[in-house]
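Enquirer:
In structure tokens, the structure reads:
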């Protein structure tokens, strides 16, 4: 068990990166632009101005390689950043693999996931532009709690629409949002026209993420003093997350390692992009050559089974059209426990680099993921959130392949959150009540019919 | 916000202390010995041998100043230790205090509290002596999950009796224990005679910690290959926790600080002792002179309102008699949310140094504690467990006194766990349903009548 590389590789606060990385600057061609949903012409800054502050709109379309992180963001990042990089000595020993496994752990943030990496700058830039209140949607509550934490740091209000089914079944994330001062509505709610309409049809409506987005956007647009915040998918969100990969580069350099394989779970793409993009920069520059692999749930196989098309980001079809790998915006994933990976599309930027051949993708069923998570928890201690169990399962696959081949590969992955508020999922697995969903081709075919055909 | 002292003060793994500290070695007189419950004569090693391995029995009565931490324990400690020391810049700013507040955070452990500091060595020493299985009791589940994690590290079995009311109402801690491979029984259970007897009287018996202890001890004694583990109160448990204070000493030295005031919450005494004892050594040696203060819940005021008497450690009166501050072993605290502080007695060692005048004690009502916890969470980010909200409230009192007096005191406290599995308590507070319990004098008087009178 004694080894040269310690279990935890820390950086001092003074070593924390002070710039986010914008992968677009280093790509051979830029990603296709978003299109206005009505005209199908490229959407411009004015189209986004009712929703986002100008600083974020500029970041969304920026071609600058690096963007300085403001001091007012760094001050809050310092509450938990730099986050630790761990060497999984004990998991390696269990697997009896010659591979060396490293995981970057984002569960040390107050909200317990990587989400505050972007909620904090989003709150900051809005605050700088005089916005006193943000609205957003949340499913199980990871993003909502991250935004509630962030707005509390700048004395802002935060109003969250949480999918009714989660609001009722998982009250604890709501409590966490309220601890940080947010107002939380069950969605559909009686505070928007759209919500009232749905409640009139069905007072027990379970809600959906698409509906919650519509309500949060409607509440934002109705008040010029309010803005809206999104927790994944967009370019600026992925860019804020690159501090994960920038730190991991410094940490691996401290122990003299470069990754042979990088695996990350993908839902909207922000956790994956956050870890992978800085390593892709190094790969494009010829300084290292890792295989970079997206891992998605078999029940929502956006990259591996979706089409690369212009589609809406939301279920209701209100957002700009984005070119991305999509299963169709009307696709409803089966209720797997990794709620954060149940998204019909993929970040346009991740989709673009997948098309360019810079990254690979695989999908894994959830029972294999939870089996890997148990091996992980019993050796490394940390109980992972359901989303990164996909990354862990992929890392274990790779480590076992190394055991077969005898290769001493360096595997890097992202443990993007802890599972302290997801223990019901483990209970299902432990009591053998968890099922794998075999996705019929027709489910995708049917949903793809909803994707608009452009002229 | 920019300050010379960073928010987080880390130690490298190579700087981790390799010895536990035994306060007994430096006291002017040793604490009174435990007595055999039948003979009232001092209890010897043989009396404890059916329950504990010899290495722990030796530690329990040791007069050595330092005891080396075995390599097999250090290897597991490295999963999360050294734990961070935080400077509460943002809380200080909110309070507008000239005081400097530091908190040592134990929520980074896999089980989310300080408990693994002792569960790991307890599992280790048992494993070394060939014990393949440990039994224990747990209330809400903090200690049970810490022992489940620890036994998993050494490939041992773990059997936990969880108080039935918690087993039913709080299934998530049970799931956490099961993730780490433990078997969990609702107590009273049908696997011990005592449990079966109680279930026959009342199939819906809510259980109690005293009953759960009786079942775990009975299951241990019934099988010579099994031993029992206790999570607080005893000398060796407090000694294992001293790694907290030893690290904090090193961390404060890194930033050139010595504490003027140290506050820690006290239930059985292990979190408090873990932080305070190394600082008391320094104080006794004249190298610093902090005020050291125990903080207990107003609903269970062992030190501030209990008597210093020989009493049983458990409700049923099966354990050796220990000289300690007690409210009477039949005392049943009101259902405050800090379940870990609901203990009728106090560690004999903490009681002894309180009698010697080395430490002070205060009690605080839970609503003041949760009000402080909200201020803490909204500035420092971390949501505290209910137990350390008492320490936070005491630190805030001290910081506000400094604001009045203008004194720039250095305040040190222990944030012994996160509250991710205690959010229901916050929900009660936020919905204004939390009550403070005013303890009638008769409650203590009545319970003290159960304390045996020694010849």
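Protein chains in written order, with this note's numbering: chain A, 4 to 458; chain B, 4 to 458.
Positions of the beta carbon are idealized from the N, C-alpha and C atoms, including for glycine.
(1) Examine chain A for any beta-carbon lying closer than 7 Å to the beta-carbon of residue 16 of chain B, and answer yes or no.
(2) Over the uninterrupted alpha helix (DSSP H) stretch that includes residue 219 of chain B, give me the two end residues.
(3) Taking Cβ-Cβ distances shorter than 7 Å, what residues in chain B pair up with residue 179 of chain A?
(4) Helix, strand or coil for residue 327 of chain A? Go by DSSP, reduced to three states.
(5) With 16 other CB atoms within 10 Å as the buried threshold, where does residue 3 of chain A fall?
(6) Confirm, please, whether the CB-CB distance from residue 67 of chain B to residue 120 of chain B is below 7 Å.
(7) Measure the beta-carbon distance from residue 329 of chain B to residue 314 of chain B and round it to whole angstroms, keeping in mind my assumption that it falls under 8 Å.
(8) Mind checking residue 444 of chain B: buried by the 16 CB within 10 Å criterion, or exposed?
(9) Give the secondary structure of residue 227 of chain A by DSSP, where H, G and I count as helix, E and B as strand, and everything else as coil.
(10) Assign residue 178 of chain B to buried or exposed, taking buried as 16 or more other Cβ atoms, counted over all protein chains shown, within 10 Å of its Cβ.
(11) Using 7 Å as the limit for Cβ to Cβ distance, is residue 146 of chain A near chain B?
(12) Are three or more beta carbon pairs between the stretch 72 to 79 of chain A and the stretch 108 to 128 of chain A nearer than 8 Å?
(13) Spell out whether any CB of chain A is found under 7 Å from the CB atom of residue 423 of chain B.
(14) Please go through the same chain and pick out, in chain order, the residues whose beta-carbon is closer than 8 Å to the beta-carbon of residue 284 of chain B, but skip the five residues on each side of it.
(15) Report buried or exposed for residue 457 of chain A, applying the criterion of at least 16 other Cβ atoms within 10 angstroms of its Cβ.
(16) Which chain B residues sit within Cβ distance under 8 Å of residue 188 of chain A?
(17) Any idea which residues DSSP pairs residue 387 of chain A with across the strands?
(18) Can you give the Cα-Cα distance for residue 271 of chain B and residue 346 of chain A, rounded to whole angstroms?
(19) Hey, would you say residue 422 of chain B sits closer than 7 Å to residue 388 of chain B, going by beta carbons?
(20) Which chain B residues are close to residue 185 of chain A, counting only those with a beta carbon under 8 Å from its beta carbon?
(21) On the DSSP letters alone, give me the boundaries of the beta strand (DSSP E) that residue 265 of chain A sits inside.
(22) Quick one: which residues of the stretch 151 to 176 of chain B get their C-beta closer than 7 Å to a C-beta of chain A? List them in chain order.
(23) Taking C-beta to C-beta, are residue 87 of chain B and residue 19 of chain B nearer than 7 Å?
(24) Here's the rule: buried if 16 or more other CB atoms are within 10 angstroms of the residue's CB, otherwise exposed. What is residue 245 of chain A?
(25) Which of the three DSSP states is assigned to residue 10 of chain B in this structure?
(26) Listed from N- to C-terminal order along the chain, which residues in the stretch 369 to 380 of chain A have their beta-carbon within a distance smaller than 9 Å of any beta-carbon of chain B?
(27) Quick check: what's the CA-CA separation for residue 211 of chain B versus residue 324 of chain B?
(28) Of the choices A:92, A:195, A:76, whose alpha-carbon is the least far from that of residue 7 of chain A?
(29) Grouping DSSP H, G and I as helix and E and B as strand, with all else coil, what is residue 353 of chain A?
(30) Is DSSP giving residue 137 of chain A helix, strand or coil here?
(31) Going straight from the alpha carbon of residue 362 of chain B to that of residue 350 of chain B, what length do you get?
(32) Cβ closer than 7 Å: which chain B residues qualify as neighbours of residue 44 of chain A?
(33) Scan the stretch 8 to 39 of chain A for residues whose Cβ lies nearer than 8 Å to a Cβ of chain B and list them as they occur along the chain.
(34) Check whether the stretch 213 to 220 of chain A touches the stretch 139 to 159 of chain A, taking contact to mean three or more Cβ pairs, one atom from each stretch, closer than 8 Å.
(35) Relative to the C-alpha of residue 302 of chain B, which candidate in B:275, B:227, B:367, B:241 has its C-alpha closest?
(36) Name, going along the chain, the residues of the stretch 387 to 417 of chain A whose beta-carbon falls closer than 9 Å to a beta-carbon of chain B.
Expert: This is what the structure holds:
(1) Yes, contact with chain A.
(2) Per DSSP, residue 219 of chain B belongs to the alpha helix (DSSP H) from 212 to 224.
(3) Those within 7 Å of residue 179 of chain A in chain B are 386, 426.
(4) If DSSP states are grouped into helix, strand and coil, residue 327 of chain A belongs with the strands.
(5) Because residue 3 of chain A is not part of the residues shown, which for chain A are 4 to 458, the question remains open.
(6) Residue 120 of chain B places its beta carbon 7 Å or farther from that of residue 67 of chain B.
(7) Contact check for residue 329 of chain B and residue 314 of chain B: beta-carbon distance about 4 Å, within the 8 Å limit, so the pair qualifies.
(8) With fewer than 16 Cβ atoms within 10 Å of its Cβ, residue 444 of chain B is classed as exposed.
(9) It is coil, neither helix nor strand.
(10) A residue is called buried when at least 16 other Cβ atoms come within 10 angstroms of its Cβ; residue 178 of chain B meets this threshold and is buried.
(11) Not an interface residue.
(12) At 8 Å Cβ cutoff, the stretches touch.
(13) Answer yes: the Cβ-Cβ gap between residue 423 of chain B and chain A drops below 7 Å somewhere.
(14) Result list for residue 284 of chain B: 24, 26, 29, in chain order.
(15) By the 16-neighbour rule on beta-carbons within 10 angstroms, residue 457 of chain A is exposed.
(16) Neighbours of residue 188 of chain A on chain B: none; closest Cβ ~16 Å, over 8 Å.
(17) Looking at the DSSP assignment, residue 387 of chain A forms a beta bridge with A:421.
(18) Those two C-alpha atoms are separated by around 47 Å.
(19) Going by C-beta atoms, residue 422 of chain B is nearer than 7 Å to residue 388 of chain B.
(20) For residue 185 of chain A, no chain B residue has a Cβ inside 8 Å of its Cβ, as the nearest lies near 11 Å away.
(21) The continuous beta strand (DSSP E) containing residue 265 of chain A extends over residues 264 to 268.
(22) Listed by position, the residues of the stretch 151 to 176 of chain B near chain A (Cβ gap below 7 Å) are 152, 155, 174, 175.
(23) In this structure, residue 19 of chain B does not lie closer than 7 Å to residue 87 of chain B by Cβ.
(24) Buried, since its Cβ has 16 or more Cβ neighbours within 10 Å.
(25) Residue 10 of chain B falls in the coil class under three-state DSSP.
(26) For the stretch 369 to 380 of chain A, the set of positions with a beta-carbon nearer than 9 Å to some beta-carbon of chain B reads 376, 377, 380 in chain order.
(27) Computed Cα separation, rounded: 20 Å.
(28) The shortest C-alpha to C-alpha distance from residue 7 of chain A to any of A:92, A:195, A:76 is the one to A:92.
(29) Helix.
(30) Residue 137 of chain A falls in the strand class under three-state DSSP.
(31) Cα to Cα, residue 362 of chain B sits roughly 13 Å from residue 350 of chain B.
(32) Here the premise fails: no neighbours, minimum Cβ distance about 43 Å.
(33) Legend: CB atoms of the stretch 8 to 39 of chain A lying less than 8 Å from CB atoms of chain B belong to residues 9, 10, 11, 13, 15, 16, 17.
(34) Counting C-beta pairs closer than 8 Å gives three or more between the stretch 213 to 220 of chain A and the stretch 139 to 159 of chain A, which meets the contact rule.
(35) That would be B:367, whose Cα lies nearest to the Cα of residue 302 of chain B.
(36) So nothing in the stretch comes that close.
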